[in-house]
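Take the sequence shown: its letter number 103 is residue 262 in my numbering, and every next letter is one higher.
Right, one structure below, let's go through it.
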Amino acid sequence: MLLPLLRSAALAAAFSLASLAASAQTFGEFLTNPELPVTFMGADYSAVRYYGPPLTVDAGEMKGLFIKINDLLVQESGKYDIASALRRKNPPNYAIFLAESVNQRLDTTTLIVPRGQAPRPAFTVQTIERMVGQYNYPAGSAGVGLVLVVESIEKNEEQEVFWATFVDMSTKRLLYTEKMGGTGNGFGFRNHWAHGLNDGIKTMKSHYGQWKKKVAKS
Numbered sequence: 160m161l162l163p164l165l166r167s168a169a170l171a172a173a174f175s176l177a178s179l180a181a182s183a184q185t186f187g188e189f190l191t192n193p194e195l196p197v198t199f200m201g202a203d204y205s206a207v208r209y210y211g212p213p214l215t216v217d218a219g220e221m222k223g224l225f226i227k228i229n230d231l232l233v234q235e236s237g238k239y240d241i242a243s244a245l246r247r248k249n250p251p252n253y254a255i256f257l258a259e260s261v262n263q264r265l266d267t268t269t270l271i272v273p274r275g276q277a278p279r280p281a282f283t284v285q286t287i288e289r290m291v292g293q294y295n296y297p298a299g300s301a302g303v304g305l306v307l308v309v310e311s312i313e314k315n316e317e318q319e320v321f322w323a324t325f326v327d328m329s330t331k332r333l334l335y336t337e338k339m340g341g342t343g344n345g346f347g348f349r350n351h352w353a354h355g356l357n358d359g360i361k362t363m364k365s366h367y368g369q370w371k372k373k374v375a376k377s
């Protein structure tokens, strides 16, 4: 579900539609042709901020657990069903090394935001565009890639905020991005916040028809 507390989500969608229109043919073909493959590039935690009590997990442990979340998305692909969400006839290709490589750069000294400190400014479409443009795509990359760029984890509200982002892997061009949110749930840090990402995968499935309408109107 798209969380109501994400007040900037509607604005983000408006900006992302402009990006979609600029490359509507490519993304439009993807939406309307279920035979076209998608490559899942993982969850990008390279610039995430954690708000609220960290409980028993310190920043260094969190960084390692983000890697395990990405591994889980692949190992339990039937549960985190990207193919179904994006109406694909075949399972996605996986290239989570792209997200994992930038996740190594995560600064653990700024990861957990101290109580009382003002939140960091929210991501914009331009933020996302810059981030995905810095990925080290392998030579010969082609087709549409999907990455979940995680902006924040808010423990007190049990919210994980991220951007579902589609990229032309041959040009590094942003095709479409939409701000989403999910709820933390489950035992252990890894499962708890992987659940939030799964909420987003389900949101993509429910928004798919809306995306096709946007493409048709652009």
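By construction, the Cβ of each residue, glycine as well, lies at the ideal position given by its N, Cα and C atoms.
This one's a predicted model, so the numbers in the text were calculated from it and none came from an experiment.
I'd like to confirm the pairing. Which residues does DSSP put opposite residue i in its beta bridges?
i: GLN318; result: GLU313, THR342
i: ASP327; result: VAL303, ARG332
i: THR198; result: ASN252, GLY304
i: GLU288; result: According to DSSP, GLU288 bridges with nothing at all.
i: VAL272; result: TYR210
i: GLU235; result: Partner(s): none; GLU235 has no beta bridge.
i: ASP203; result: VAL308
i: GLU337; result: ALA323
By DSSP, does residue i sit in helix, in strand, or in coil?
i: LEU214; result: coil
i: ILE255; result: coil
i: ARG264; result: coil
i: ASP240; result: coil
i: GLU220; result: helix
i: ALA180; result: Reliability of the predicted coordinates at ALA180 is poor, the pLDDT of 39 falling under 50, and the value obtained from them is presented with this limitation in mind. Helix at ALA180.
i: PRO296; result: According to the sequence displayed, residue 296 carries Tyr and not Pro. TYR296: coil per DSSP, three-state reduction.
i: ALA277; result: coil
i: THR283; result: coil
i: ARG246; result: coil
i: ASN192; result: coil
i: GLY347; result: coil
I need the straight-line Cα distance from residue i to residue j, nearest angstrom please.
i: TYR294; j: GLY340; result: 23 Å
i: VAL320; j: ILE312; result: 6 Å
i: PHE282; j: VAL306; result: 15 Å
i: TYR239; j: PRO278; result: 30 Å
i: VAL207; j: LYS222; result: 10 Å
i: ALA202; j: VAL308; result: 6 Å
i: GLY219; j: ALA298; result: 32 Å
i: HIS366; j: GLY275; result: 36 Å
The ligand ZN heavy atoms versus the CB of residue i: any closer than 7 Å?
i: GLY201; result: Absence of the ligand ZN from the depicted structure is noted, as is the absence of any ligand whatsoever, leaving it without description.
Could you tell me how far apart the beta carbons of residue i and residue j are, in whole angstroms, since I believe they sit closer than 8 Å?
i: LYS371; j: LEU195; result: Contact doesn't hold; Cβ gap of about 14 Å is too wide.
i: ALA258; j: MET328; result: Incorrect: roughly 13 Å between the Cβ atoms, too far for contact.
i: ASN271; j: TYR209; result: In the sequence as displayed, the identity of residue 271 is Ile instead of Asn. About 5 Å; that satisfies the 8 Å criterion.
i: THR185; j: LEU334; result: 6 Å
i: THR336; j: GLY355; result: So it is not a contact: roughly 17 Å between Cβ atoms.
i: ARG296; j: LYS338; result: It should be noted that the sequence gives Tyr, not Arg, for residue 296. Not quite, the Cβ-Cβ distance comes to about 23 Å (not below 8 Å), so this is no contact.
Using 8 Å as the threshold, is the stretch 249–264 in touch with the stretch 210–217, meaning 3 or more CB pairs across them? no
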